[in-house]
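Quick notes on the structure that follows.
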Amino acid sequence: MSIDRRHFLVAAFASASAAAQGLAPGPLGQPGQRHPGRFVWFDLATDDPDSARAFYGSVFGWRFRRVPDANAGYTLIENDDGRVGGVLRQARPPQAPVGSRWLSLISVPDAQRSARLVPQLGGQELVAPAEVPGRGTHALFRDPQGAVFGVLAASGGDPPDGPVSEGEVFWLDLLTPDPAQAAAFYAALIGYDLSENEAGVLPRRRILSSQGIARAGVAALPAGVSGPGWLPYILVDGLAAALRRALAAGGRVVLPPRPQWLHGQLAVIADPHGGVTGLVDWWAAQAKEAGS
6 MSIDRRHFLV
16 AAFASASAAA
26 QGLAPGPLGQ
36 PGQRHPGRFV
46 WFDLATDDPD
56 SARAFYGSVF
66 GWRFRRVPDA
76 NAGYTLIEND
86 DGRVGGVLRQ
96 ARPPQAPVGS
106 RWLSLISVPD
116 AQRSARLVPQ
126 LGGQELVAPA
136 EVPGRGTHAL
146 FRDPQGAVFG
156 VLAASGGDPP
166 DGPVSEGEVF
176 WLDLLTPDPA
186 QAAAFYAALI
196 GYDLSENEAG
206 VLPRRRILSS
216 QGIARAGVAA
226 LPAGVSGPGW
236 LPYILVDGLA
246 AALRRALAAG
256 GRVVLPPRPQ
266 WLHGQLAVIA
276 DPHGGVTGLV
286 DWWAAQAKEA
296 GS
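If you number the sequence shown the way my numbering does, the last residue is 297 and the count never jumps.
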């Protein structure tokens with residue numbers, strides 16, 4: 006990971022923390038619900054929030070709720086079933102190749118404990134645990150391979166585990182140069198159970214599971230990708246149509262659909278400022294699997 010990218014995310018996380026304190030975002034889920042290892046929040050840091058809102062609104066149908074007087078122009082992302090994440094303004098560092106980055110936060114029972122464990126496991130604390138009134142305590146870290154991630158100990162409970170709706174994050178992959186070491190790091194830190202997927206409709210990856218539910222994958226960093234990082238996949242109904250919307254809104258296709266990957270129902274796009282997300286049409290993939 007380049008220094009520019011790391012500093013970009015650190016500054017963005019600090020801005021998001023301040024913004025959240027300014028808007029008193031309230032609880033994520035229901036009291037007593039705890040799902041350690043689940044990814045519970047996603048922030049887009051961008052140097053052009055207006056452009057980002059226009060792009061992602063066109064592609065995923067997201068709505069954006071601006072909160073008066075919020076720091077960094079923080080805006081909540083919402084779909085029909087509730088909140089998805091947030092968007093905040095963050096200036097692009099000098100020589101940074103992109104102006105948008107996604108940051109993913111993992112549910113933990115104790116953010117302070119995570120902060121103690123990360124350096125012991127070979128990672129680095131980037132932003133110390135900080136409390137957001139009404140939301141919980143979060144912190145930012147870098148894993149031993151260089152990928153940046155956050156944790157959140159939600160004071161009001163986590164969102165319930167249940168079916169993912171269109172426009173929500175369906176899956177995440179960690180792309181990293183050493184999948185075995187990275188998977189071991191997150192298993193030790195978060196308490197994930199580890200397994201490997203069978204060779205089939207997706208490239209081989211290590212699976213991170215908690216409470217009997219697969220939460221994310223860890224895969225080898227593809228050739229040509231500049232550095233490790235977490236890649237969120239958004240659930241769409243109609244992959245081809247979503248890709249057309251992305252192109253029409255000024256984005257580009259980073260990885261087009263391939264028949265051997267989830268029956269051609271998976272792709273990766275970049276927004277006009279370089280923020281990268283995956284797309285997956287799980288319903289179509291399941292239908293193709295049933296018919297094969």
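Using N, Cα and C, we set each Cβ at its ideal position, and we do this for glycine too.
Asked                                                                                                                                                    : Found
On the criterion of 16 or more Cβ atoms from any shown chain inside 10 Å, does G280 qualify as buried, or is it exposed?                                 : buried
Name the two residues that bound the continuous alpha helix (DSSP H) containing W107.                                                                    : It is not in any alpha helix (DSSP H) - W107 instead sits in the beta strand (DSSP E) that spans S105 to S112.
On the criterion of 16 or more Cβ atoms from any shown chain inside 10 Å, does S20 qualify as buried, or is it exposed?                                  : Unreliable placement is indicated for S20, whose pLDDT of 49 sits below 50; the coordinate value is still reported in the next sentence. So S20 counts as buried.
Count the C-beta pairs between the segment 177-188 and the segment 210-221 that are closer than 8 Å, then say yes if the count reaches three, no if not. : yes
In angstroms, rounded to a whole number, what distance separates the CA positions of A133 and L145?                                                      : 7 Å
Ends of the beta strand (DSSP E) at P149?                                                                                                                : Note, P149: premise wrong, no beta strand (DSSP E); not H, not E.
Among the residues of its own chain, which have a CB less than 6 Å from the CB of V241, if the five just before and after it don't count?                : A247, L284 and D286
Would a C-beta distance cut-off of 9 Å place L81 and R97 closer than the cut-off?                                                                        : no
State the Cα-Cα distance for the pair E201 and Y191, rounded to the nearest angstrom.                                                                    : 15 Å
What alpha helix (DSSP H) runs, 4 residues minimum, are completely inside the segment 231-292?                                                           : 244-253
Per DSSP, which one or two residues make a beta bridge with G222?                                                                                        : D178 and I212
Grouping DSSP H, G and I as helix and E and B as strand, with all else coil, what is A192?                                                               : helix
Tell me, to the nearest whole angstrom, how far the beta carbon of Q129 is from that of V123; I am working on the premise that it is less than 8 Å.      : 7 Å
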